[in-house]
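Have a look at the structure below, then the notes.
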Amino acid sequence: MFRLLFLLVTLWSLSATSAQTVLQWWDYYTDGANNQAMQDLIARYEAAHPDVDIERTSIGFGDLKSRIIQAAATGTMPDIVIVDNPDHQAMAAQGALADLTDYIAAWEANDQYFDGPWSSTVYNGRNYGIPYGSNATALYYNEDVLTEAGIDVPETWDELRAAAQALTTDTRSGFCLSMINTEEGTFTYLPFLWGNGGDIPDIGGEANIEALTLLNTMMNEDDSVSRAALNWGQGEVNNQFMAGQCAMMINGPWQIPNLEAADLDFTWRVADWPNNGTPTSILGGENFAAGAGGDTDAAWQVISWVTAPENLLPTLQISGYIANRADVASNDVFQEDPVIATFADQVAVAKARAYGENYPQISEEIMNMVQSVMIGARTPEQAAEAAAATIMPLLP
Amino acid sequence: MRFPRVLLSVFSVLLLMAFLFPIYWMAITAIKPQQAIFAFPPEFVPRNVDWTVFQRIFVSNPDIPRYFLNSAIVGVGTTLLTLLLAAPAAYGIAHLPIRGKGLIILVSLSSLMFPVVMLATPLFVIFSRLGLTDNYFGLILANTALALPFSLVVLRPFFLSLPIQLSEAARIDGCTVWGAFVRVMLPLASPGLVTAGIFTFLFGWNDLVFALTLTNTDAFRPVTAGLWTFIGVNNTDWNAVMAFSTLAMLPPLVLFLTAQRYVIAGLTAGAVKQ
Amino acid sequence: MRETPHAGRAEVRPAQPSQRASKRRVTARWVHYSFVLPAALFLLVFIAYPVLFNLRMSFQDVRAANLLNGGAAWVGLDNYRTILANPVFQQAVRNTLLFTGGSVVFQLSLGLLLALFYNLTFPGSRVMRGLYLIAWTIPVIVVAAIFRWLFDGQVGVINYWLQNLSLIDDNVFWFSDPNVALGAIVFINIWLGIPFNMALLLAGLQGIPKEFYEAAEIDGASVPQRFAFITFPLLRPALFAVLLLGLIYTFKVFDVVWATTQGGPFNTTHLVATLAFRTIFGQFQFGTGAAMLNLLFVVLFAVSLLYLWTLRNEEVN
Chain A
143 MFRLLFLLVT LWSLSATSAQ TVLQWWDYYT DGANNQAMQD LIARYEAAHP
193 DVDIERTSIG FGDLKSRIIQ AAATGTMPDI VIVDNPDHQA MAAQGALADL
243 TDYIAAWEAN DQYFDGPWSS TVYNGRNYGI PYGSNATALY YNEDVLTEAG
293 IDVPETWDEL RAAAQALTTD TRSGFCLSMI NTEEGTFTYL PFLWGNGGDI
343 PDIGGEANIE ALTLLNTMMN EDDSVSRAAL NWGQGEVNNQ FMAGQCAMMI
393 NGPWQIPNLE AADLDFTWRV ADWPNNGTPT SILGGENFAA GAGGDTDAAW
443 QVISWVTAPE NLLPTLQISG YIANRADVAS NDVFQEDPVI ATFADQVAVA
493 KARAYGENYP QISEEIMNMV QSVMIGARTP EQAAEAAAAT IMPLLP
Chain B
8 MRFPRVLLSV FSVLLLMAFL FPIYWMAITA IKPQQAIFAF PPEFVPRNVD
58 WTVFQRIFVS NPDIPRYFLN SAIVGVGTTL LTLLLAAPAA YGIAHLPIRG
108 KGLIILVSLS SLMFPVVMLA TPLFVIFSRL GLTDNYFGLI LANTALALPF
158 SLVVLRPFFL SLPIQLSEAA RIDGCTVWGA FVRVMLPLAS PGLVTAGIFT
208 FLFGWNDLVF ALTLTNTDAF RPVTAGLWTF IGVNNTDWNA VMAFSTLAML
258 PPLVLFLTAQ RYVIAGLTAG AVKQ
Chain C
1109 MRETPHAGRA EVRPAQPSQR ASKRRVTARW VHYSFVLPAA LFLLVFIAYP
1159 VLFNLRMSFQ DVRAANLLNG GAAWVGLDNY RTILANPVFQ QAVRNTLLFT
1209 GGSVVFQLSL GLLLALFYNL TFPGSRVMRG LYLIAWTIPV IVVAAIFRWL
1259 FDGQVGVINY WLQNLSLIDD NVFWFSDPNV ALGAIVFINI WLGIPFNMAL
1309 LLAGLQGIPK EFYEAAEIDG ASVPQRFAFI TFPLLRPALF AVLLLGLIYT
1359 FKVFDVVWAT TQGGPFNTTH LVATLAFRTI FGQFQFGTGA AMLNLLFVVL
1409 FAVSLLYLWT LRNEEVN
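Residue numbers (our numbering), protein chains in the order written: chain A, 143 to 538; chain B, 8 to 281; chain C, 1109 to 1425.
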């Protein structure tokens, strides 16, 4: 009798524990479209997999990096974590992420991804994640103001400088962009470097010097870029644009909800980045990764499911992100709306910030370089030379 | 003073208005439409008011009442624990013949010598091993660790200003040392206790670093952590942040206004002792 | 001085038997320590680990890769040598000294003036003086954001007023111009510090009995004399407490600067604390970051020792 009871209890407790796998999921989408997209995605996953329960924690972006350090130090990394693409390699180097190379080698979709986003998930030849969605920056402009001044949308640097000068008045800057000394500033500056055919490994070269010279001239000679830009984040740039203080700005699609909700009295449009020979933009967006020491098998199940085309597309539509795998990016939905289409085109030419595990330091040195020129502490040549000296040793 | 007191009141109002202007700016920014935040000339009185921000806050954070409750619990808990530890210690340092007073003060001040964010990581490591993360007790202990030295240093002068003869007299009357402390000295030091208590409550209420480090779930998140919901990677919903802060400011404000009465009570008690 | 009616009675009582006296004294000693031990033990438990943790890390080459493995090499004073040779750190030290000096001087003087003012009696004084504390109910990131907008070079309220009052010709780019950026941050920090200074000094002032002032007035003392001979000496313990806490808090200030300029433009507003934060959480250089923090700790420790020395004079009570 007792043995039967014991058997029953054991069977019952075994089935009870195997009924639910609980996975921890961390991301930094605390509000807005991305937050909704994640909630929807997780709900769909759980509906399709009743034996899995995903506990999602949404951590403020400013806090995520320190939380990951703490979690890695105490062995409490979540099973699934969504990381910003420029931080991915640094986190892999810290040992915070699980190595997914074997899973990916056996995955049939491992050749679908665009080079740019994919490169941010690779560290030391091993894979540490899969891209989720991408976006890029582009040139926003106040169509009314440009038409009134009879100016065409600039496509080259010369046209940009001329347009900015012509559009600057006492109450308005011709061109606004974020030049604050955080990642937002680097995020805004790099396409200038790339658009001139340059890159970080030759940061001491002419391409970079010319990019610095362009911005320096626009700010300090033409006065078409306000000095206050050295303290603006992308949000402040957008607020200036919406208040009519800027004729043109560099920003990303995350401003679209704000622009649409604001009920502005002018028409705004989006165009490709003005460049000096190389069409370019910069990749924003996040990647899926698995936390080191978590349930990597189960995490991979989740990650491969959420990135499958039929599951990914609805999520991208809610969040407003652009697909970065060929089989999803070809979908018409990314070309229907002219604004989204512009961003999708920009994503296609955008570069990722995949410069190794020291990228955070490199980014800081780049903004030091840019700001030192803007405040007149160094000439573009001096700044480029100093940057090369500090940045070259940091590259992989 | 010869001239009418009311003039002083007027001057005081002007001073207050000047000092609190940034708070006024915060409150009106909350309800301005986004493009008006950077309007030029600056809008001192909002031309268009957008009340939807409050709806946004409550929709994004359905747990807001819970956040306020958590902040209140942490604030009150920190205040009680801190005063419980600091008042006797400050009295001891002020009046009792103890050796090593300097050492005690130094040890307690050490916790203040690091930026809070640096203490957070090691504390997180200990607390997670002790199972103190994601509960009120952990937050209260962490906040007390910072509020305690502050209260110690602040309360000591108050106890010093009370004449030692009073406690001696109570002792002679048959009180124990603790009895003299609780029945005679403590009530007389109440202006100091209220002041230290208010600041300690504010530390607990306002703490952001420990709240973010030591809590994971919404169930224990204080008000300050709710702010982070609106600060994103590329974009910050400033209206919501300002509106949230304006709401978060109200409970402590009520606290100050009511606490004023107890400060007065402390003063009259001081007069009676003469 | 004050009358203590009980003192007279004590002198009349007969002496206690010596046994009971010594027993009382022994118990009393233990009881005395029971006042301070709970606080001291609490702090020792919760603060010792973080302090020692940071201390140890500063002597190792701890980076992102070996924070977990514990395989960090012991490098002795190398981290300290590296940071002391770094010009950005040297500038951060200069900035920290300027920032702390400027902030504390003004916070203390303005706080004292306000405390003296609100010590007067007039209608509404009690309510109004409490309202200054509202500044402390707002998280610092929000305060920083508000002041960033008020100080904005293009559309800020402060430039608007300065222009209207003809005090300046062109807009001042407060946070983009290295010459004024630190000053603007000091202004914000002063604003943040005034409520605390005022409230504590006011509480201290109210502990001074009015009879002293009345007696002095009868004796013909002028207002400055009353301040010098009554207010200042009796306020000294509170004043020094406020000064010490102000110095300690301001020296390690991090969030005000971080939320306004992040140390920019071009590292011109970095303080030691912000530089340490960036080094640890931005660049994952834990060893050098810890070394910076420990230098901060040493300076503040010295300041605390100074404070303890001033306490000696107050022990004569």
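All C-beta atoms, glycine included, are put in the ideal place defined by N, C-alpha and C.
Source: prediction; values computed, not measured.
With respect to the C-alpha of B:PRO198, the residue from B:PHE188, B:PHE166, B:PHE217 having the closest C-alpha is B:PHE166.
Among the CB atoms of chain A, none fall inside 7 Å of the CB of B:GLY138.
Secondary structure note for A:THR199: its beta strand (DSSP E) is the uninterrupted segment 194-200.
Under the three-state reduction of DSSP, B:TRP58 is assigned to coil, being neither helix nor strand.
Collapsing the DSSP output to three states places B:PHE10 in coil. Below the 7 Å Cβ cutoff, chain A contributes no neighbours of B:TRP58, its closest Cβ being approximately 14 Å away.
Contact between the region 1351-1364 of chain C and the region 1398-1415 of chain C is present, with at least three C-beta pairs closer than 8 Å. A distance below 6 Å between beta-carbons, with the five flanking residues on each side excluded, links A:ALA471 to the following residues of its chain, in chain order: ALA465.
A:GLY258 is the residue among A:ALA304, A:GLY258, A:ALA403 whose C-alpha sits nearest the C-alpha of A:GLY426. Comparing alpha carbon positions, the residue from C:LEU1160, C:ASP1169, C:LEU1151 closest to C:GLY1395 is C:ASP1169.
For C:THR1245, the C-beta contacts it makes with chain B under 8 Å involve LEU209, TRP212, ASN213, ALA255, MET256, PRO259, LEU260, in order along the chain.
If only uninterrupted alpha helix (DSSP H) runs of at least 4 residues are considered, those enclosed by the region 481-529 of chain A are 501-516. For A:VAL225, the uninterrupted beta strand (DSSP E) run begins and ends at 222-226, by DSSP.
Excluding residues up to 5 positions away in sequence, TYR283, GLU285 lie with their Cβ nearer than 7 Å to the Cβ of A:ARG411 in the same chain. Any Cβ of chain C closer than 7 Å to the Cβ of A:LEU372 would place that residue at the interface, and such an atom is present. If you look at A:ASP294, you'll find it isn't in any alpha helix (DSSP H); DSSP assigns it neither H nor E.
Interface criterion not met: the Cβ of A:GLN488 is under 7 Å from no Cβ in chain B. The DSSP-derived three-state label of A:GLN477 is coil. Of all C-beta pairs linking the region 174-191 of chain B to the region 227-236 of chain B, fewer than three are shorter than 8 Å, placing the two stretches out of contact. Scanning the region 44-107 of chain B for uninterrupted beta strand (DSSP E) segments of 3 residues or longer gives nothing; none is fully contained. In the three-state DSSP reduction, A:GLY375 falls in the coil class, being neither helix nor strand.
Here C:ILE1276 is exposed. Its C-beta has fewer than 16 other C-beta atoms within 10 Å.
For C:PRO1332, there are no neighbours in chain B by C-beta distance under 9 Å, as the nearest C-beta there is about 16 Å away.
Exclusion of the five residues before and after A:LEU335 leaves ASP341, ILE342, ILE345, ALA349, ASN350, ALA353 as the residues of its chain whose Cβ lies within less than 8 Å of its Cβ. Exclusion of the five residues before and after A:SER366 leaves ALA306, GLN307, THR310, SER315, GLY316, PHE317, MET360 as the residues of its chain whose Cβ lies within less than 7 Å of its Cβ. Distance from the CA of C:ILE1191 to the CA of C:PHE1197, rounded to the nearest whole angstrom, comes to 6 Å. Contact between A:GLY275 and A:SER446 does not hold, since the beta-carbon distance rounds to 16 Å and is not under 8 Å. Against chain A, a Cβ distance below 7 Å from B:GLN41 picks out ASN381, MET384, ASN400, ALA404. Within its own chain, the residues whose Cβ lies closer than 6 Å to the Cβ of A:ASN418, once the five positions on either side in sequence are excluded, are TRP299, GLY337, ASN338, listed in chain order.
Nearest Cα to B:LEU88 within the set B:PRO29, B:PRO40, B:LEU153: B:LEU153. In terms of Cα proximity to A:PRO395, the closest of B:LEU22, B:THR231, B:LEU264, B:ASN242 is B:ASN242. When 7 Å is used as the limit between beta carbons, C:PHE1143 is near these residues of chain B: PRO95, ALA96, TYR98, GLY99, LEU103, in chain order. Residue pairing by DSSP leaves B:ASN142 without any beta bridge partner. About 6 Å separates the beta carbons of B:ARG63 and B:ALA247, which is inside the 8 Å limit, making them a contact pair. Counting C-beta pairs closer than 8 Å gives fewer than three between the region 139-148 of chain B and the region 108-126 of chain B, which falls short of the contact rule. Restricted to the region 396-448 of chain A, the beta strand (DSSP E) segments that are unbroken, complete and at least 3 residues in length are 410-413, 423-432, listed in chain order.
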